[in-house]
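Quick look at the structure:
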């Protein structure tokens, strides 16, 4: 979008320069015609003088045009450098955002793993508690059975 705008500005400036150049040439030709018309008898001398002035003016216009082009080229180079810097900054911003997103994803993954570990630990503890309870109940049952057996034996005697 900026390049398009720069191209449009460049084209407009080029058109303005061409119009200015044509205007100057027209003015020079008008002055030349007026000057030649006024002098009359010294036509050859005056014509040579006017042509020299016209050439000098043409050289000045060319020089100014070249300077304008150089300035525009410098401005374009500066704009390109600015665009490159902006692109680098944009890439850096994207890299930072990606790193931040990755850190958030890593943190969420760690939290999920911790939660899973906690749940698994809870389940394992519950299973161990159930196993201990079964063992305890089995021991109690076994003790009761032994006690009952011993009471029966005592009763038999």
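Numbering (this note's numbering), first residue to last: 24 to 180. Idealized CB from N, CA, C, for every residue including glycine.
- Between the alpha carbons of residue 146 and residue 176 lies a gap of roughly 44 Å.
- In this structure, the beta-carbon distance from residue 29 to residue 102 falls below 9 Å.
- In the structure shown, residue 24 falls within a coil segment according to DSSP collapsed to helix, strand and coil.
- Residue environment for residue 162: exposed (fewer than 16 other C-beta atoms within 10 angstroms of its C-beta).
- By the Cβ-count criterion, residue 119 is exposed, with fewer than 16 other Cβ atoms from all chains shown falling within 10 Å of its own Cβ.
- Taking a 10 Å sphere around the C-beta of residue 142, we find fewer than 16 other C-beta atoms and assign the residue as exposed.
- Per the coordinates, the alpha-carbon of residue 46 lies some 36 Å from the alpha-carbon of residue 104.
- Of the candidates 172, 127, 73 and 116, the residue whose Cα lies closest to the Cα of residue 54 is 73.
- The Cβ atoms of residue 87 and residue 51 lie no closer than 9 Å to each other.
- Residue 152 has its alpha-carbon roughly 22 Å from the corresponding atom of residue 137.
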